[in-house]
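Trainee: Before we start, here is the structure in question, set down as structure tokens.
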Amino acid sequence: MASGDIDVAYVAKLARIALTPAEIERFGAQLGALLEHVDALAQLPVGDVAATAQVIAQSNVMRDDVARPSLDRETVLDGAPKREGAYFRVPRIIGEEA
Amino acid sequence: MSEETAVEIARSVNARETSAVERAVAMAERIAERDGAVGAYLTQTAELARAHAETIDARIAAGERLPLAGVPLAIKDNMCVTGTRTTCASRILEHWISPYTGTAVQRLLAAGALPLGKTNLDEFAMGSSCENSALGKTANPWDLGRVPGGSSGGSVAAVAAGEATVALGSDTGGSIREPAAFCGVVGFKPTYGRVSRYGLIAFASSLDQIGPISNTVEDSALVYDTMAGYDPMDATTVDRPVEPTANGLREDLRGVRIGIVKEFGLSALEADVRAVYERAYADLEKLGAELVEVALPTADYGIATYYLIAPAECSSNLARFDGMRYGLRVEAPDVGATYEATRAAGFGDEVKRRILIGTYALSSGYYDAYYVRAQKARTLIAADFAKAFASCDAIACPAAATPAFQFAAKADPVSMYLMDYYTIPMSLAGLPSLSVPCGYVTPPGARGPLPLGLELSGPLFAERSLLGIAHAYERGTRHAAAERIPALSGAGAAR
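In structure tokens, the structure reads:
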């Protein structure tokens, strides 16, 4: 594991968060310090033990594939930042030329 | 002054000696009087509590008996209640109104609890002091210059200040237990999967758990019994019967083996703090318990493991906040820029840090070295606990290494992360774990005594045994009753 080499601008792009140059510098130093701390894990001999995603042994939980009541459309759309009639209003995703 | 317990309130409301409406009105007045100084609530819902109290009184008049009749309840503001805003103390959800009520809250309301309001937290439950809230400042009722702990800081402060009888918190790495210790109340994180999280806004899905906060172990047992159990709306709840805990509370510890963790030696603690824990262990023995040394050799890796797993899950869970369907949207020329501007304006620094570290740990080239390795470490930590519980019924240790600290004392993020040293290993192993008041210290500069908490943890699904042990300790030591809310006597005058 390599520590302290986190490319904050690149990771922020992946995470869809706009950062200022000052934030990139500050977060870079803070996250570098955290990564040095978590690098301690390299000392722990984990060998080929199984990874634990969560501790309670449960596999896929299924329900019957039948429609059931849910929130009504108006209630859900009331929470939208922008709506148009019965739809969410969102920015254009496909460019003009596409 | 001794607060009335939930058990006492429910008894008197069921007996119609008082009404739920009287309880709702009295508690709303208390909140109006005190919360200016404490800041426990982000949203007060006195009218909702009163309207609900009327239905509770009508049901009791019709002959029903309800386990939480008229009990004032505070709800951490990452849990949905229909018609109230649920903010997660974040700008991104500041004006979002919940369209439904979560299962845990719903079960308590159906049992007669009165929803007095939504309490402050570290933004999206990420923090250990409540200072990461974007929407309010909560003070520790014991010393208003100190933090209440976090992330469930508002819920513990509400109970400690007498602004609620019981409260709900959520605990991912210690967010119920550390603040409960800081504010001198009982805070209980049940086994992972025991309480439905439907309606709890997700932070780290393999760790998050809802639990009660109260003045007594008995009240936490009552709240837990009322809300625990399988829920078809949450596929991670475990479909097996809940052993009731409120009727399993014991008065002594004869025949109980308490594990003291070798690696959690007390020598690194301040002398006055160490003395409190040494006496706590001695008290366990005095009450009849046999103390046995247990080893948790991997516990030291807890924080490193947690700060890979929890941020990884957070980065995935918080991807849903994109400004399209709910919450804040900051308009920008195209959709990508809209996402980036919305999340830049909507999230605070700590949330951004965790999303970034999680995104990094899951990114190509680092996934195996960080995320998978942390999940393997988690296997080893859980195995250490399983081995330890072969020789003891519960493990005792400090809930935190210090009492509540002053505002802005932990400006460096890693120093804040270290606050959860004693609570994170149990979270990674999914264990039931609680903090119960165990004494007081008065460090230099404190305005009075500050509480400390003893953390007791049990094997998976051993809630009944664990709460029984905690109750015997509480009754046998009476630290909770020793000193009550000293700072508040001055708080009213200060305003």
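Protein chains in written order, with this note's numbering: chain A, 481 to 578; chain B, 141 to 635. Where a beta carbon is used, it is the ideal one built from N, C-alpha and C, also for glycine.
1. Pick out the complete beta strand (DSSP E) segments inside the segment 209-240 of chain B, 3 residues or longer, and give them in chain order.
2. A:V541 versus chain B: which residues are under 7 Å apart at the beta carbon?
3. For B:A634, which three-state DSSP category applies?
4. So, is B:N387 buried or exposed, given that buried needs 16 or more other C-beta atoms within 10 angstroms?
5. Just grab the DSSP bridge partners of B:P591 for me.
6. Let me see if you follow: with CB-CB separation under 9 Å, is A:V488 close to chain B or not?
7. Taking the alpha carbon of B:E318 as the reference point, which residue from B:L607, B:T195, B:S310, B:G289 has its own alpha carbon closest?
8. Can you tell me whether DSSP reads B:P599 as helix, strand or coil?
9. Taking 9 Å as the threshold (beta carbon to beta carbon), is A:G565 in contact with chain B?
10. Once you ignore the five residues that flank B:R615 on each side, which residues in its own chain have a CB closer than 7 Å to its CB?
11. Locate the beta strand (DSSP E) running through B:L182, then write down its first and last residues.
12. Shorter than 9 Å from the beta carbon of B:L208 to some beta carbon of chain A?
13. Which residues does DSSP list as the beta-bridge partners of A:Y567?
14. CB-CB under 6 Å to B:A307, same chain, minus the five flanking residues each way: which ones, in chain order?
15. Out of B:A209, B:H619, B:A198, B:Y561, which has the shortest C-alpha to C-alpha gap to B:F404?
16. Among B:G608, B:T438, B:R394, which residue has its Cα nearest to the Cα of B:K516?
17. List the whole-angstrom C-beta distance separating B:G467 from A:P561, where the pair is believed to meet the contact cut-off of C-beta under 8 Å.
18. Helix, strand or coil: which one does DSSP assign to A:Q523?
19. Looking only at its own chain, which residues have a Cβ that is under 6 Å from the Cβ of B:V432, when we skip the five neighbours before and after it?
20. Distance, Cα to Cα, B:R587 vs B:R337?
21. Mind checking B:V434: buried by the 16 CB within 10 Å criterion, or exposed?
22. Take every Cβ of the segment 444-451 of chain B, pair it with every Cβ of the segment 405-421 of chain B, and state whether three or more of those distances are shorter than 8 Å.
23. Along the beta strand (DSSP E) that carries B:F328, what are the first and last residues, could you check?
24. Determine the DSSP secondary structure at B:S152, reduced to helix, strand or coil.
25. What residue range is occupied by the uninterrupted alpha helix (DSSP H) comprising B:I495?
26. DSSP beta-bridge partners for B:T259?
27. Applying a beta-carbon distance threshold of less than 7 Å, which residues of chain A neighbour B:G463?
28. In this structure, how does DSSP classify A:N540 when only helix, strand and coil are distinguished?
29. I need the DSSP call for B:G276, collapsed to helix, strand or coil.
30. Which residues in chain B sit within 7 Å of A:P571, going by Cβ to Cβ distance?
31. Taking DSSP as the reference, what is the three-state secondary structure of B:S575?
32. Check the Cβ-Cβ distances between B:L606 and every residue of chain E, and say whether any is below 9 Å.
33. Report, in whole angstroms, the separation of the C-beta atoms of B:A361 and B:T385, which I expect to be a contact under 8 Å.
34. Along chain B, which residues have their Cβ under 7 Å away from the Cβ of A:A492?
35. According to DSSP, simplified to helix, strand and coil, what is A:E516?
36. Using a Cβ-Cβ cut-off of less than 9 Å, give me the residues of the segment 335-367 of chain B that come near chain A, in sequence order.
Mentor: Quick answer:
1. The segment 209-240 of chain B contains these whole beta strand (DSSP E) runs: 212-216.
2. The answer, in chain order, is A375.
3. No answer about B:A634 holds up, because its pLDDT of 35 lies below 50 and its placement is not dependable.
4. Answer is exposed; the Cβ neighbour count stays below 16.
5. B:P591 pairs with B:Y580.
6. Yes, its Cβ sits closer than 9 Å to a Cβ of chain B.
7. B:E318 has its Cα closest to that of B:G289, out of B:L607, B:T195, B:S310, B:G289.
8. The DSSP-derived three-state label of B:P599 is coil.
9. Taking CB atoms only, A:G565 has no neighbour in chain B less than 9 Å away.
10. E391, listed in sequence order.
11. Segment 181-184, the beta strand (DSSP E) holding B:L182.
12. With 9 Å as the cut-off, B:L208 does not count as an interface residue toward chain A.
13. Answer is A:E564.
14. So the list reads A214, S295, A298, V299, I353, once near-sequence residues are dropped.
15. Scanning B:A209, B:H619, B:A198, B:Y561 for the CA closest to the CA of B:F404 turns up B:Y561.
16. Taking only the C-alpha atoms, the option nearest B:K516 is B:T438.
17. The Cβ separation is near 7 Å, so the contact holds.
18. Assignment of A:Q523 by DSSP, reduced to helix, strand and coil, places it in the helix class.
19. Excluding its 5 nearest sequence neighbours in each direction, B:V432 has C-beta neighbours in its own chain below 6 Å: R397, G399, S531, C532, listed in chain order.
20. In a straight line, the C-alpha of B:R587 is about 38 Å away from that of B:R337.
21. In summary, B:V434 is buried, with 16 or more beta-carbon neighbours lying within 10 Å of its beta-carbon over all protein chains present.
22. No, they do not touch.
23. Counting along the chain, the beta strand (DSSP E) containing B:F328 begins and ends at 326-329.
24. Helix at B:S152.
25. Here the alpha helix (DSSP H) through B:I495 covers 489-502.
26. Paired residues: B:Y181, B:K216.
27. P561, listed in chain order.
28. It is coil, neither helix nor strand.
29. Looking at B:G276 - three-state DSSP - the assignment turns out to be coil, as it is neither helix nor strand.
30. Correct list: D474, V475, T478.
31. Here B:S575 carries a strand assignment [DSSP, helix/strand/coil].
32. In the structure shown, chain E does not exist; the protein chains are A and B.
33. About 4 Å separates the two Cβ atoms, so the contact holds.
34. Going along chain B in sequence order, the residues near A:A492 (Cβ under 7 Å) are L496.
35. Three-state DSSP puts A:E516 in a helix.
36. Flagged, chain order: S345, S346, L347.
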